[in-house]
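Protein chains in written order, with my numbering: chain A, -10 to 91; chain B, 3 to 634.
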Amino acid sequence: MIPLNHFLVLSTILFSIGMYGVLSRRNAVLILMSVELMLQAVSINFVAFAAYLDPEKATGIIFAVFVIVVAAAEVGLALAMILRFYRNRQTANVDEADMMKW
Amino acid sequence: MGMEEVWLLPAIPAAAFVVLLLVGAYLPRRGDWVAIAAIGASFVLFFFVLADLLDAVKSEDFVGGGKSWTWVEFKDFHIDLGFFVDEIAIVMLLVVSFVSLMVQIYSVAYMKGDPRYGWYFTVMCLFVASMLTLVLADNLLLMYAAWEGVGFCSFLLIGFWWEKRSASEAAKKAFITTRIGDVGFLIGIILLWREAGTFNIQEIIHFAEEGGYGNTYLTIAVLLLFGGAVGKSGQFPLHVWLPDAMEGPTPVSALIHAATMVVAGVYMVARMLPVFVAADPIALDVVLILALITVWISALMGLAATDIKRVIAYSTLNSLGLMFVALGSHSVTAAMLYLFVHGFFKAMLFLGSGAVIHATEKQDVDELGGLAKKMPITSITFAIGAAAMIGIIPLSGFWAKDEVLTATDHHQNIIVYLILLASLVVTGMYMARLYILTFLGEPKDHHVYDHAHEAEPIMSVPLILLAIPAAIGGFVVFHEVGDTLGFPGGFGEFVYFDEPEKFKMHWDTAAISTVLAGGGALAGWFAWSNGAAIATRVRETFSPIATLLSNRFYIDELYQFVINNIIIGLGKLIAWFDRTVVNDTGVDGSAGLGYLAGNELKLTETGKIPNYALAIAAGVVVILTLFLVLEA
Chain A
-10 MIPLNHFLVL
0 STILFSIGMY
10 GVLSRRNAVL
20 ILMSVELMLQ
30 AVSINFVAFA
40 AYLDPEKATG
50 IIFAVFVIVV
60 AAAEVGLALA
70 MILRFYRNRQ
80 TANVDEADMM
90 KW
Chain B
3 MGMEEVWLLP
13 AIPAAAFVVL
23 LLVGAYLPRR
33 GDWVAIAAIG
43 ASFVLFFFVL
53 ADLLDAVKSE
63 DFVGGGKSWT
73 WVEFKDFHID
83 LGFFVDEIAI
93 VMLLVVSFVS
103 LMVQIYSVAY
113 MKGDPRYGWY
123 FTVMCLFVAS
133 MLTLVLADNL
143 LLMYAAWEGV
153 GFCSFLLIGF
163 WWEKRSASEA
173 AKKAFITTRI
183 GDVGFLIGII
193 LLWREAGTFN
203 IQEIIHFAEE
213 GGYGNTYLTI
223 AVLLLFGGAV
233 GKSGQFPLHV
243 WLPDAMEGPT
253 PVSALIHAAT
263 MVVAGVYMVA
273 RMLPVFVAAD
283 PIALDVVLIL
293 ALITVWISAL
303 MGLAATDIKR
313 VIAYSTLNSL
323 GLMFVALGSH
333 SVTAAMLYLF
343 VHGFFKAMLF
353 LGSGAVIHAT
363 EKQDVDELGG
373 LAKKMPITSI
383 TFAIGAAAMI
393 GIIPLSGFWA
403 KDEVLTATDH
413 HQNIIVYLIL
423 LASLVVTGMY
433 MARLYILTFL
443 GEPKDHHVYD
453 HAHEAEPIMS
463 VPLILLAIPA
473 AIGGFVVFHE
483 VGDTLGFPGG
493 FGEFVYFDEP
503 EKFKMHWDTA
513 AISTVLAGGG
523 ALAGWFAWSN
533 GAAIATRVRE
543 TFSPIATLLS
553 NRFYIDELYQ
563 FVINNIIIGL
573 GKLIAWFDRT
583 VVNDTGVDGS
593 AGLGYLAGNE
603 LKLTETGKIP
613 NYALAIAAGV
623 VVILTLFLVL
633 EA
């Protein structure tokens, strides 16, 4: 059986890639995709912990489902915002989205 | 009806106050009859309480009766709303209810046509309610509340004609001066409560008698209590407000600044005397010394004052001093007897002077004179009052004054006795002077004289009713008189501190005091009759002393100097501290710091999402690192 640590390392790698994407990309769509990666890393953690620590109950798996649902809703909302932003500014570069600062 | 319902006495005037305050303006005659009826009801109820008390006092272990409610309760701490009546309180009740009824009736004529006629009676009701509460309070906290209540009414009534600048200033002066003493009073109450755990007067007395307080602690506490009495009862050095309080309407002076409120201090000390005695003897020595100073300076200032009401105000200070001398000599009997008769004759003197002022619209003795022919009733009652004040046998003042003298003779050293005896000469002189300059001799201002008229019946009847107890009130000292009236005996067997004492005539003291007081009066007579020829010559010979006296020993000037230079200087220092340290540094400084910090830190807000994301990620890393380090 694959040890739990393997899943945790996988999820850490996935989370770090996602965070790298969020911090380094300027395109809003790519940032959104990176956020999705981070979310799925969390989901892997949930599922792994659920399977290894408390197999009787499916708490972690249900959480993972919730994360997917929330992520889907969030993607819908975020894409709509990015679309509005692109229509206004003819760009998806988040560096341009600084009008609300002081 | 009895002692259980004694709370009704203050409750009725208090209810009348509320009624007059709310609907007084719509009542016929602006509601003066409501006030008089309420105070009359209290006066009638007094007799029921008295009858009940006389019944109860026959039993050996009687200490007092009344009724008490719990007002505030918190765990084992509680404040009661309690009314308590004993022998001392009943004497005070009689003075307060009778004199206030007389004064109210008199005021109907005196205040007629005043634009604030209704307001006058409204405040008077509040005053009577507060004063009766003060007398009946069974705990110090309620007494203090009532104490401030009467002070507040006094303030309102001194400044009754506040359009006059001197009146509003006198009101402020009275309020602030008495407040200095009241702060001491409140601290004293708190000190007594802190150790005893109760505000109840009887319990505190019990606690003190059993030695529950430390000696120094108790001495400081009672001296602070006495501070309240010094302010309220105009003892040196806080006596300065009382002469100025004469700016109020004359009936107010009669009721508040002669018969009732100013003797509240005497009453309080008489009530708490067991506690004073339990403290170091130095406490009562302080009472005695301040009282002796008050007796002398007030008598001397009375010689020089020209305002008729001011002279009587000085005589009030003189009398209050005598009462405190009696208390300083451990004699509640003498103090309360003097308080009792003083209430009548002093109120009458004030009402008499009010009749003069009402008739002539002058109150400077230099403009009056010869009024005896025009105002016979006022003149005769005034003469009775003045003679009682001087202490002419057999008027009431004589018996009371001799009780005070006997008390000092028994409990103090001979020097105190002699100082007090000597003051009687001066008392005789200035009262004779006042009477002569006002009522006898040639009128100094014929225009004033021609317009003078006798007081109308509504004013002269209270004068006559007050003259009766002022003349014969002193006979209550005799065992037979008290016995006939249903009391357990003479005054000394009814109101006493340690042991009931049957009245004994001290012929030596009586003879000396009569000679001295009568001699003083005669000297005053010779000096001021015939156009005050002798007095004028004496005044010219000793002009520096005369100037000193008419300037009231420059005590007011001294206080003004202290206020101008020290208090206001101190105030400026505090104002500077407030402005530069508190405001500029503290308030403005912290605001400026916030502004500067915000101005600099806002540059970190770039509006660029990756920057924020990086900050969040860095924050997470920092927190996680900290977490791991601290866990390890």
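Here a beta-carbon is modelled for each residue, glycine too, at the ideal position from N, C-alpha and C.
Predicted, not measured: the structure shown is a model, and the values here were computed from it.
Check                                                                                                                             : Outcome
Extent of the continuous beta strand (DSSP E) run through Lys69(B)                                                                : Gly67 to Phe76
Contacts that Ala86(A) makes with chain B (C-beta to C-beta distance below 7 Å)                                                   : Ile611
Expected contact under 8 Å - CB spacing of Gly190(B) and Leu144(B) to nearest Å                                                   : With 8 Å as the limit, Gly190(B) and Leu144(B) do not qualify as a contact, their Cβ atoms being about 15 Å apart.
Contact under 8 Å by Cβ, Ile258(B) with Leu159(B)                                                                                 : yes
Rounded separation between Gly371(B) and Gly354(B) - CA only                                                                      : 14 Å
Proximity winner among Thr180(B), Val418(B) and Leu225(B), relative to Val289(B) (alpha-carbon distances)                         : Leu225(B)
Sheet register partners of Ala139(B) (DSSP bridge)                                                                                : Phe85(B)
Closest Cα partner of Ile547(B) within the set Ala457(B), Val277(B), Asn141(B) and Leu302(B)                                      : Leu302(B)
Selection of the region 9 to 36 of chain A by Cβ proximity to chain C, strictly under 9 Å                                         : Of the protein chains in the structure, A and B, none is chain C.
Inter-stretch contact (C-beta, 8 Å, three-pair minimum) for the region 357 to 374 of chain B and the region 435 to 451 of chain B : yes
Distance cut-off 7 Å: Ile14(B) Cβ against heavy atoms of the ligand GTP                                                           : The ligand GTP is not part of the structure shown, which contains no ligands of any sort.
Span of the alpha helix (DSSP H), counted from its first residue to its last, around Tyr316(B)                                    : Ile310 to Gly330
Alpha-carbon spacing of Ala357(B) relative to Glu456(B), whole angstroms                                                          : 8 Å
Member of Ala599(B), Val101(B), Ala40(B) and Gly67(B) whose CA lies at the smallest distance from the CA of Leu52(B)              : Gly67(B)
For Val65(B), the nearest candidate out of Ala18(B), Met5(B) and Lys77(B) (CA to CA)                                              : Met5(B)
Cross-chain neighbours of Val(-2)(A) in chain B, by beta carbon under 8 Å                                                         : Result: empty, since nearest Cβ-Cβ is about 17 Å, beyond 8 Å.
C-alpha gap between Val54(A) and Leu632(B), whole angstroms                                                                       : 34 Å
Contact under 8 Å by Cβ, Leu426(B) with Gly476(B)                                                                                 : no
For Gly491(B) and Ile81(B), the rounded distance between their alpha carbons                                                      : 36 Å
Contact with chain B by Val83(A), beta-carbon distance below 8 Å                                                                  : yes
Chain A within 8 Å of Leu598(B), Cβ atoms only                                                                                    : no
Contacts of Leu616(B) in chain A (Cβ-Cβ under 8 Å)                                                                                : Leu12
Beta-bridge partners of Asp366(B), as assigned by DSSP                                                                            : Asp309(B)
C-alpha distance - Gly345(B) paired with Val478(B), whole-angstrom precision                                                      : 15 Å
Coarse secondary structure for Asn(-6)(A), derived from DSSP in three states                                                      : helix
Contact list for Ala619(B) against chain A, beta-carbon separation under 7 Å                                                      : Met8 and Leu12
Interface flag, Met70(A) vs chain B, CB-CB below 8 Å                                                                              : no
Cutoff 8 Å: Glu607(B) Cβ touching any chain A Cβ                                                                                  : yes
Contacts of Lys90(A) in chain B (Cβ-Cβ under 7 Å)                                                                                 : Glu607, Thr608 and Gly609
Residues near Ile284(B) by beta carbon distance below 7 Å, same chain, minus five either side                                     : Thr221
Proximal residues to Phe157(B) (C-beta, below 7 Å), its chain only, five neighbours per side dropped                              : Ala173, Ala176 and Phe177
Which of helix, strand or coil DSSP assigns to Phe441(B)                                                                          : helix
Collapsed DSSP secondary structure at Phe79(B) in the structure displayed                                                         : strand
Beta-carbon gap between Gly522(B) and Val428(B) smaller than 8 Å                                                                  : yes
Sequence-distant residues of the same chain with beta carbon closer than 7 Å to Glu602(B), five excluded per side                 : none
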